[in-house]
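In what follows, a structure is listed as structure tokens, so that the remarks can point back to it.
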Amino acid sequence: MRRFNSASPKPVDIPGQVKSNLAATSPRPKQYRPTMSCGHSSRRRGYRTPRQTADNELSQYHQYGRKKAPLRSAFARRLWRTVYNGSPMSEYVEFLTEVFEQFVPIHPRRMFGGYGLFHKGLMFGLVADDVLYFKADETASTYFEERGLDQFQYQKRGKTIKMSYYMAPEEIFDDPEEAKVWAARSYEAAARSKKPLKKVKKKR
2 MRRFNSASPK PVDIPGQVKS NLAATSPRPK QYRPTMSCGH SSRRRGYRTP
52 RQTADNELSQ YHQYGRKKAP LRSAFARRLW RTVYNGSPMS EYVEFLTEVF
102 EQFVPIHPRR MFGGYGLFHK GLMFGLVADD VLYFKADETA STYFEERGLD
152 QFQYQKRGKT IKMSYYMAPE EIFDDPEEAK VWAARSYEAA ARSKKPLKKV
202 KKKR
């Protein structure tokens with residue numbers, strides 16, 4: 002082993018005993034570990050958030066059962082206890098997962114005394130009293146009104162309140178392709194009606 006002396010450009014020989022002492026006392030070089038920022042540009046292809054992973058596990062859990070698809074992540078188990086109250090879905094909602102087998106993944110959640118049907122984070126369907134309603138806006142409502150399908154409404158303090166959901170047509174329950182068309186139409190309506198996030202102005 003040779004080490005250069007600062008006084009002369011010639012290499013200086015180091016004795017073996019000194020060489021071993023230097024090796025024992027010299028600090029180890031730190032390993033380089035690349036860091037990732039929180040920006041969207043740093044996300045790799047195929048990256049899933051904890052909520053997306055939990056929703057995927059819950060979808061598999063409802064479809065295949067506890068033995069074939071157990072809940073592995075803590076987030077999924079917490080959602081099962083809080084959102085689903087640890088109880089299985091109704092038979093009608095389980096039937097809907099078969100109806101929309103070509104429009105997956107679907108995540109039913111308990112809400113409003115019934116269930117909400119979600120696809121990729123957006124609610125496109127509503128189940129109340131074992132009746133399915135689809136999300137609609139000004140563009141999609143014409144398809145429901147032409148068929149004479151009723152709009153979802155409920156009573157609150159003596160007033161009738163109508164929501165932007167319409168009863169699903171009967172033919173979707175026997176035709177998965179037709180169910181996919183109506184579900185995709187309602188999902189697009191939910192995406193259009195989603196309010197954009199407000200931009201926060203930076204303080205100077």
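For the sequence shown, the positions run 2 to 205 when the numbering used here is used. Even glycine gets a Cβ: it sits at the ideal position worked out from N, Cα and C. Model, not experiment: these values are computed from the prediction.
Report task. Give every residue of the same chain whose Cβ lies closer than 7 Å to the Cβ of A77, excluding the five residues on either side of it in the sequence, and list them in chain order. Result -> A55, E58, L59
Requested in this report: Give the range of the alpha helix (DSSP H) segment to which S194 is assigned.
Outcome: 177 to 194
Report task. Tell me the start and end of each unbroken beta strand (DSSP E) in the stretch 127 to 157 that is at least 3 residues and wholly inside, in chain order. Result -> 132 to 136, 152 to 157
Query raised in the report: Looking only at DSSP bridge pairs, what is Y116 linked to?
Result: R111, V128
Query raised in the report: Quick one: what's got a C-beta closer than 6 Å to Y33's C-beta in the same chain, skipping five residues either side?
Result: Its pLDDT being 47, under 50, Y33 is placed unreliably in this model, and the value from its coordinates should be taken loosely. Excluding residues within five positions, none has a Cβ falling inside 6 Å.
Requested in this report: Compute the Euclidean distance between the alpha carbons of T36 and Y62, then round it to the nearest angstrom.
Outcome: Any reading at T36 is ruled out, since the residue's pLDDT is 47, under 50, leaving its predicted position unreliable.
Query raised in the report: Applying the criterion that 16 or more other CB atoms from any shown protein chain within 10 Å of the CB defines a buried residue, is K121 buried or exposed?
Result: exposed
Query raised in the report: Taking three-plus beta-carbon pairs below 8 Å as touching, is the stretch 182 to 196 in contact with the stretch 123 to 135?
Result: yes
Query - Exposure of Y155, with buried meaning 16 or more beta-carbon neighbours within 10 Å - result: exposed
Query - Simplified DSSP state of T161, which is helix, strand or coil - result: strand
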